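Here the structure comes first, spelled out in structure tokens, and everything after it is commentary.
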Amino acid sequence: MKVNVSAVNKSFSKNKQQPLKVLENIDFSISDGEFVSILGPSGCGKSTILKLIAGLDIPTSGEIEVNKKTVTGPGTDRVVVFQEGGLFPWMSVIGNVMYGLKLKKISKHEAEKRAMDGLKMVHLAKFKDAYPHELSGGMKQRVAIARSLVMDPDVLLMDEPFAALDEQTRLVLHQELQKIWEETGKTIIFITHNIREALTLSDRVLLMSTRPGRIKKEFKVQSARPRDPSDSVIVDLERRVMDELEEEMQKVLKEEFGDDYSFKTRDIRDRDRYDLGSHI
Ligand SMILES: Nc1ncnc2c1ncn2[C@@H]1O[C@H](COP(=O)(O)OP(=O)(O)O)[C@@H](O)[C@H]1O
Ligand SMILES: [Mg+2]
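Below you can see the structure in the form of structure tokens.
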């Protein structure tokens, strides 16, 4: 078992107020080389889970193990790719990709070689001397992925890495990420609020419920790769995920709109069936 999350609870307390319970009894395991998505509406605690696995925060109770060792802080076995790639604007593309390797005291020659291999993997070798402001959003995210891959982590943690990109770019990056995953055999935990994205990319989708976040249901995606989102297996699963979510969406809408609540989730489903972030 690569990643093991057992009985994890997380609450945040502000001053002396009642603590906000964000995660409740989270339990799941991820095998070596598996691609698992954590899917759920905004605010349900997805990033919080990822931060706990990354060791950027600690659970209120419960335990997280990576490679059979309890997570007590960040480590080089885990790397996070965030929604905004977080490139250093004053460094060239290759400078950004080499940055972590330099911190690890890897020789310049070796770091350069590994950075170029990483850039080739995301098809950006030609742009090695460009600066982040010269790149499109999709290219920046590809640099961020290359920068993570060169660190050779055991587990790649991705927090909505494509959420800010347009639909076309996102589809291209889905293909690219599937290829990278196949070539490297990395264990990937991918956070998203996009149903189609989760189903297109993953072996398994863990669906979360809202406040406090719990794992509501698990879906196995048994469809050959590279996946086409119009594949009948994916389309059928999409319907099943939406059905599970109906109740959650009602809950969120009611909380957010209060007395003005007159939406039907079905209206939302017809407008945009795949994205849990843009309308709620
Ligand atoms: N450091 C923090 N302090 C207080 N509340 C937090 C903190 N981090 C997250 N939260 C709250 O926890 C809930 C879940 O947040 P998050 O994990 O970012 O959700 P998601 O990534 O699913 O959108 C939100 O209500 C958020 O306001
Ligand atoms: Mg988040």
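Every position in the sequence shown, counted from 1, becomes a number in this note's numbering once 290 is added.
The beta-carbon is built from N, C-alpha and C at its ideal position, and this holds for glycine as well.
No experiment lies behind these values; they were computed from the predicted model shown.
By Cβ distance, which residues of its chain are closer than 7 Å to residue 573, with the 5 residues on each side in sequence left out?
-> Only positions 291 to 570 of the chain appear in this structure, which leaves residue 573 out of reach.
Are there 16 or more other CB atoms within 10 angstroms of the CB of residue 523, so buried, or fewer, so exposed?
-> For this step, residue 523 is matched to residue 233 along the sequence shown. Per the 10 Å Cβ criterion, exposed.
At 3 residues or longer, and completely inside the region 296-371: list those beta strand (DSSP E) runs for me, N to C.
-> 310-320, 325-329, 351-356 and 368-371
Grouping DSSP H, G and I as helix and E and B as strand, with all else coil, what is residue 501?
-> As a working note, residue 501 is residue 211 in the sequence shown. If DSSP states are grouped into helix, strand and coil, residue 501 belongs with coil.
Relative to ligand 1, what is the chain-ordered list of residues with a Cβ closer than 5 Å to any of its non-hydrogen atoms?
-> 302, 312, 332, 333, 334, 335, 336, 337 and 338
Residue 357 and residue 437 look like a contact to me (Cβ under 8 Å); what is the Cβ gap, rounded to whole Å?
-> Residue numbering aside, residue 357 sits at position 67 when the sequence shown is read from its first letter. Residue numbering aside, residue 437 sits at position 147 when the sequence shown is read from its first letter. Rounded, the Cβ-Cβ distance is 22 Å, inconsistent with contact.
Might you give, ordered along the chain, the residues of its own chain that have their beta carbon closer than 7 Å to the beta carbon of residue 291, omitting 5 neighbours on each side?
-> If you number the sequence shown from 1, residue 291 lands on position 1. Excluding residues within five positions, the ones whose Cβ falls inside 7 Å are 319 and 321.
Thinking C-beta only, is residue 369 closer than 8 Å to residue 461?
-> For this step, residue 461 is matched to residue 171 along the sequence shown. For this step, residue 369 is matched to residue 79 along the sequence shown. Cβ distance not < 8 Å, so residue 461 and residue 369 don't count as in contact.
Three-state secondary structure (DSSP) of residue 417 = The count along the sequence shown starts at 1 and reaches residue 417 at position 127. Three-state result, residue 417: helix.
Report all residues from its chain with a CB closer than 7 Å to the CB of residue 527; omit the five preceding and five following residues, and keep chain order.
-> Position 237 of the sequence shown, counted from the first residue, corresponds to residue 527. Contacts found: 489, 509 and 511.
Decide if the region 379-395 is in contact with the region 322-339; the criterion is three or more beta carbon pairs, one per stretch, under 8 Å apart.
-> no
Helix, strand or coil: which one does DSSP assign to residue 473?
-> As a position in the sequence shown, residue 473 is number 183, starting the count at 1. Residue state, collapsed to three classes: helix.
Roughly how many whole angstroms lie between the Cα atoms of residue 364 and residue 348?
-> Residue mapping note: residue 364 aligns to position 74 of the sequence shown, counting from 1. Residue mapping note: residue 348 aligns to position 58 of the sequence shown, counting from 1. Their backbone Cα atoms lie some 11 Å apart in a straight line.
For residue 409, which of 453, 518 and 430 has the nearest alpha-carbon?
-> Position 119 of the sequence shown, counting from 1, holds the residue named residue 409. Answer by Cα proximity: 430.
Reduced DSSP secondary structure (H/G/I, E/B, other) of residue 435 | The residue given as residue 435 occupies position 145 in the sequence shown. Reduced to three states, the DSSP call for residue 435 is helix.
Should the region 393-404 be called in touch with the region 469-481, which here means at least 3 C-beta pairs below 8 Å?
-> no
What beta strand (DSSP E) runs, 3 residues minimum, are completely inside the region 504-547?
-> 504-510
Hey, is residue 499's beta-carbon within less than 8 Å of any beta-carbon in chain C?
-> Chain labels in this structure do not include chain C; a single protein chain is all it has.
Indicate the three-state DSSP secondary structure (helix, strand or coil) for residue 478 in the structure shown.
-> Here residue 478 corresponds to residue number 188 of the sequence shown, with the count starting at 1. Note: residue 478 maps to strand in three-state DSSP.
Burial state of residue 362 (16 or more Cβ within 10 Å) | Here the question's residue 362 lines up with position 72 in the sequence shown. Per the 10 Å Cβ criterion, exposed.
So, residue 352 versus residue 296, is the Cβ gap smaller than 8 Å?
-> To locate residue 352, count along the sequence shown from 1; it is residue 62. To locate residue 296, count along the sequence shown from 1; it is residue 6. Yes, they are a contact pair.
Where does residue 429 fall in DSSP's three states?
-> As a working note, residue 429 is residue 139 in the sequence shown. Residue 429: helix per DSSP, three-state reduction.
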